[in-house]
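Contents: one structure, followed by commentary.
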Amino acid sequence: MLLSAVKSIFEKNIKRMENKSIPSFNIIGIAIRTSNQNNQAAKDIPELWARFFENDIMNRIPNKVSNELYCVYTEYERDHTLPYTTLLGCKVAHLDDLPEDMDGIRIEESLYHHVEAEGNLAAGIVYDAWLNIWEADLPRAFSADFEIYGEKAQNPEQAKVDIFIALQ
């Protein structure tokens with residue numbers, strides 16, 4: 001089953017795939033509850049990104065351990081077809097100093113399937129990667145999946161975005 005999922009993703013030009021265990025970590029940022037039904041997430045998530053930058057959230061996050069941006073998908077009702085929470089923020093040392101207008105989450109240690117979306121962000125490389133992930137037969141946990149926009153994503157025309165899918 002996992003082999004067919006990996007083959008499916010590979011055939012659709014996602015650049016790198018591997019499973020890896022990731023230790024627990026914390027994220028502080030801003031969140032929205034959304035759904036892929038009726039393309040609601042296609043409206044809500046870009047608005048979340050706009051709010052993040054318009055309100056200078058990144059510079060207001062306390063106890064950051066890096067400037068990498070995390071887009072976390074969590075609190076799934078069941079799977080990606082039903083409502084879930086999207087949190088946009090940064091990795092932090094702890095959640096003790098959570099600002100009132102922000103949300104925090106602890107991502108527990110888990111096994112993740114890692115893919116790397118590569119290309120032009122404006123051309124929708126991350127969304128295309130998710131379409132492939134949704135079609136794949138991965139044994140997903142639907143606990144917390146996340147994208148990391150780090151140094152490799154600084155050039156939007158030649159970006160590399162790491163995507164981690166929690167596995168059962």
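Numbered per the UniProt record's numbering, the sequence shown spans residues 1 to 168. Each residue gets a CB set at the ideal place from its N, CA and C atoms; glycine is no exception.
Per-residue burial, residue i [other beta carbons within 10 Å of its own, 16 or more giving buried]
i	result
Gly124	exposed
Lys91	buried
Lys20	exposed
Ala144	buried
Asn39	exposed
Glu147	buried
Val161	buried
Arg51	exposed
Asn26	buried
Tyr70	buried
Val65	exposed
Leu82	exposed
Ala42	exposed
Tyr127	exposed
Run of the beta strand (DSSP E) containing residue i, from where it starts to where it stops
i	result
Phe146	Ala144 to Tyr149
Contact under 8 Å by Cβ, residue i with residue j
i	j	result
His113	Leu167	yes
Thr74	Leu95	no
Ile165	Leu131	no
Ala141	Ser110	yes
Leu98	Ala159	no
Ala93	Asn63	yes
Gly150	Gly89	no
Secondary structure of residue i, DSSP reduced to three states
i	result
Lys12	For Lys12, the predicted model reports a pLDDT of 44, less than 50, meaning its position is unreliable; a value from the coordinates is still stated below. In the structure shown, Lys12 sits in coil (DSSP, three-state: anything other than H, G, I, E or B).
### Task
Identify every run of the beta strand (DSSP E) within the UniProt domain "AraC effector-binding" (15-168), keeping only runs that are complete inside it and at least 3 residues long; order them along the chain.
17-22, 25-34, 64-74, 84-92, 103-107, 110-119, 144-149 and 159-166
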